[in-house]
Amino acid sequence: MRSKFIAGNWKMHTAAATARQLASSVVRGLGAEGRVKVAVCPPFPYLALVGDVLRGSPVALGAQNLYPEKEGAFTGEVSPAMLVDVNCKYVILGHSERRHKPELAESDALINRKIHAALAAGLHAILCLGETLEERQSGRTEAVLLAQLAASLAGVDAPRMARVVLAYEPVWAIGTGHSATPDQAQQVHAFLRQWVRETFGEETAAALPIQDGGSVNPDNAAALLRQPDVDGALVGGASLNADQFLAIVRVALP
Ligand code: PGA
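Quick look at the structure:
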């Protein structure tokens, strides 16, 4: 059985002091609870200090991006090995804020290189996928997701796929207060899992965690997490408040 996985995407929020406080509150609130997997993903400058706070706790550390090279003249970039070095277990890749901001405009091809680099370094990748409102309204949701899946995961084999988490984050739900409905989420998650089944086999598909994301909060989490193919949540806004984040974690308990 897949255990639920709740990850907090802090985005470009917090300062050193608030990052430390937030991580401490999550650690304290979670205690020794091991039935739900929990991770927090702070901004790069706070990874090490949050890692110190998490040490010895069941809360894992994740980063929000990486650059797909081992090392070299890449001013301003962060390598997979650096993330491993500061004890990151996870890295969020393909977030829509990086795909769609025109000045970042990450392509599936770049995301694919990042996925390979992350997996080669031993990281677990949280691969974000999702359609825009216009794509949904014009009936292209599945086509868009298929294209994102096929291109972002090109060349990944089944053993490495075991370290990939999918996060379905419809762009229209992120930061808008309008999460996907439980039915919408279930439909897409089942579709994603079916693609993984056809591509990597039943064992990989059955073990794959698929998180839901986009305005997940303590009020809508229960109904979402009750869906058979919703295995957790990638939480943005609500992860910046320890009480709200922990309330979502509690909802995910078996
Ligand atoms: P949100 O963000 O929960 O604030 O909508 C989710 C995400 O972008 O990962």
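So the sequence shown is numbered by this note's numbering: it starts at 980 and just counts up by one.
Using N, Cα and C, we set each Cβ at its ideal position, and we do this for glycine too.
Computed from a prediction, not measured in an experiment: that's the story for all the values here.
- Nearest in C-alpha terms to Ala1184, of all of Ala1088, Arg1172, Val1209, Gln1166, is Arg1172.
- Residue environment analysis places Ala1039 among the buried positions, since at least 16 neighbouring C-beta atoms fall within 10 angstroms of its C-beta.
- Contact check between the segment 1197-1210 and the segment 986-997: fewer than three CB pairs, one atom from each, fall below 8 Å, which does not count as touching.
- With a 10 Å radius around the Cβ and a threshold of 16 neighbouring Cβ atoms, Gln1190 comes out buried.
- Considering only Leu1026, Leu1132, Ile1090, Ala1100, the residue with the shortest C-alpha distance to Glu1050 is Ala1100.
- Here Leu1072 really is in contact with Ala1104; their C-beta atoms are around 5 Å apart, less than 8 Å.
- Placement of the Cβ of Ala1217 at a distance of less than 7 Å from at least one heavy atom of the ligand PGA is found.
- With distances taken between CA atoms, Val1175 lies nearest to Met1140 out of Tyr1147, Met1140, Ser1194, Ser1158.
- Here Leu1145 is bridged, per DSSP, to Leu1106, Ile1189.
- With the rule of 3 Cβ pairs closer than 8 Å, the segment 1121-1136 does not count as touching the segment 1042-1062.
- Tyr1069 sits close to Ala1018, with the two beta carbons spaced by under 8 Å.
- Secondary structure note for Ile985: its beta strand (DSSP E) is the uninterrupted segment 984-988.
- Taking 7 Å as the cut-off, the C-beta of Val1029 does not count as close to any heavy atom of the ligand PGA.
- Per DSSP, Leu1040 lies in no alpha helix (DSSP H); the unbroken beta strand (DSSP E) holding it starts and ends at 1038-1042.
- Between Gly1109 and Glu1148, the C-beta gap is smaller than 8 Å, which places the two residues in contact.
- Relative to the Cα of His1095, the nearest Cα in the group Glu1082, Ala1130, Gln1116 belongs to Ala1130.
- By the beta-carbon neighbour count (other beta carbons within 10 angstroms, threshold 16), Phe1053 is exposed.
- Between the segment 1003-1017 and the segment 1211-1230, the count of C-beta pairs closer than 8 Å reaches three or more; the two stretches touch.
- By the Cβ-count criterion, Leu1232 is exposed, with fewer than 16 other Cβ atoms from all chains shown falling within 10 Å of its own Cβ.
- Not one heavy atom of the ligand PGA falls within 7 Å of the beta-carbon of His1079.
- Boundaries of the alpha helix (DSSP H) harbouring Gly1008: 995-1009, taken from the DSSP string.
- Scanning Val1032, Leu1062, Ala1097 for the CA closest to the CA of Val1143 turns up Ala1097.
- The beta carbon of Asn988 sits closer than 7 Å to the beta carbons of Cys1020, Gln1043, Ile1071, Leu1213, Val1214, Gly1215, Ser1218 from its chain, once the five residues preceding and following it are set aside; these are given in chain order.
- DSSP places Lys1068 in the coil class of the three-state scheme, outside both helix and strand.
- Assignment of beta-bridge partners to Val1019 by DSSP yields Gly987, Leu1040.
- DSSP, reduced to helix, strand and coil, places Leu1098 within a helical segment of the structure shown.
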